[in-house]
Amino acid sequence: MEKNTNLYVLNEIHKSAKMGMDSISYVSEKVSEPNLKDNLSFQYTQYGDILDSVNAIYKKYGDIPHDDNLMTQAMAWTGIQMNTITNKSNSHIADMLIQGTTMGIIEGRKLLNQNPTIDKEVRGVLDTFVKMQENNVEQLKTFL
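Just so it is clear: in the sequence shown, position 67 is 77 by my numbering, and no numbers are missing.
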């Protein structure tokens, strides 16, 4: 497989994992339910583990991941703030996170299906990431 395709997939995983971590950071301060706080803390750690795996593979290619720009982060933060102005309920927060995570799952599945010849190691991290997100959605459903 071409180096560029593997780097593209790694970059997409990196962006999605970073977005997940940022989103959790933005909503955590609004969460009052201890079990949801614990769940989000666990998810945050999982996203960090994925980033560590991605970064380790990047090094093999002699490249570094491309961070999202500040505009994307600001838009995400603003969206979360606006969505929680009038409703900070745990159910609403879980709903928002489920929607965002589902978008990540869809993009991950597309990457898996549209890039069948990516390196085994890259595919493994992507597959782990998608399955992790699917499990996170199931966990978040209990807070709806």
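Note that beta-carbon positions come from the ideal geometry of N, C-alpha and C, so glycine has one too.
Nearest C-alpha to Thr15 among Asn146, Val140, Tyr68: Tyr68. Taking every protein chain shown into account, the CB of Ile74 has fewer than 16 other CB atoms within 10 angstroms, so this residue is exposed.
The alpha-carbon of Ile90 is positioned some 21 Å away from that of Gln56. Distance from the CA atom of Gly118 to the CA atom of Leu17, rounded to whole angstroms, is 14 Å. Relative to the Cα of Met106, the nearest Cα in the group Val147, Lys120, Thr138 belongs to Val147.
Within the same chain, and ignoring the five residues on either side of Leu150 in sequence, the residues whose Cβ sits closer than 6 Å to its Cβ are Ala104, Leu107, Ile108. The beta carbons of Ser42 and Ser51 sit no closer together than 9 Å. Nearest to Thr82 by alpha-carbon distance, out of Phe139, Lys13, Lys141, Ser33, is Ser33. The three-state secondary structure of Gly72, taken from DSSP, is coil. Counting other Cβ atoms within 10 Å of its Cβ, Ala66 stays below 16 and is therefore classed as exposed. Taken through DSSP and simplified to helix, strand or coil, Ile128 comes out as coil. Between the alpha carbons of Val135 and Ser26 lies a distance of about 13 Å.
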